[in-house]
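Worksheet for the structure shown next.
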Amino acid sequence: MRLSLWTRVPLLSYKCYAPNRITDHQTNSPNSRFQTSKPYPPSNLHHSSMASFTIPFFALLLLLLISASPLPTAASHRFDSGLDRGKKVGGWTEIPNAESNKEIRDLGRYSVNEYNYDLRDVAESPLAFSGVVSAGRQVVSGIKYWIRVATVDTLTGDPRFFDAVVVVRPWLRHSVRDLVSFSPSAA
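Here the sequence shown is numbered in full-length UniProt numbering, starting from 1 and rising by one per residue.
Structure follows, in structure tokens:
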């Protein structure tokens, strides 16, 4: 026959009672540490003194947690007020003095050459690179350049403007450049 006794297990600062299964021969042995003759729970527990300590402790702990957590209204105010002036990750940034930047001019010349070699129709006349009007840069899996290229039609001599998008991966062995798009400019 099994008896079920409750043993006291302290958790943090309050008392909890958990069942402990004891067999019949354990309770009847003379050296048994389990005594069934005493009333349970013990009469020397003073719940009022524990409660007077526990409630202020947990109230203080809760107050510390609330005060340490950032408030969403404070964060939104910081971003709305313009105090955070960092650049947007992955956004386009304007390249200053793109007209005279050697790297941008080389990419513009590369895009016109790729257009003449691969993309233009047979009926169209080839284009000659004239210069760079403006450019921007975006960090992706490489560096994506948006370049407004000024060209000249080789047959008619008419100036034409194109928007080229070139992706450069400089960490590769031969600095791979890919022409993503080359289209007539709207402006």
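In this text, a Cβ means the ideal position worked out from N, Cα and C, and glycines have one as well.
Check the Cα spacing between Ile143 and each of Leu172, Val122, Pro126 and Asp121: the tightest is with Leu172. Of the other Cβ atoms in all chains shown, fewer than 16 fall within 10 Å of the Cβ of Leu62; this residue is therefore exposed.
DSSP, read as helix, strand or coil, puts Leu61 in helix. In terms of CA proximity to Ser141, Val167 leads the group Glu124, Phe182, Leu64 and Val167. Boundaries of the alpha helix (DSSP H) harbouring Arg105: Lys102 to Glu114, taken from the DSSP string.
Each of Ala164, Ala128 and Asp163 was checked against the Cα of Asp153, and the nearest Cα belongs to Ala128. A Cβ-Cβ contact shorter than 8 Å links Ser111 with Val149.
Beta bridge pairing from DSSP links Asp178 with Val167.
Taking a 10 Å sphere around the C-beta of Tyr117, we find fewer than 16 other C-beta atoms and assign the residue as exposed. Pairing Gly91 with Phe161, the inter-Cα distance amounts to about 24 Å.
Per DSSP, Gly131 is one residue of the beta strand (DSSP E) stretching across Leu127 to Val140.
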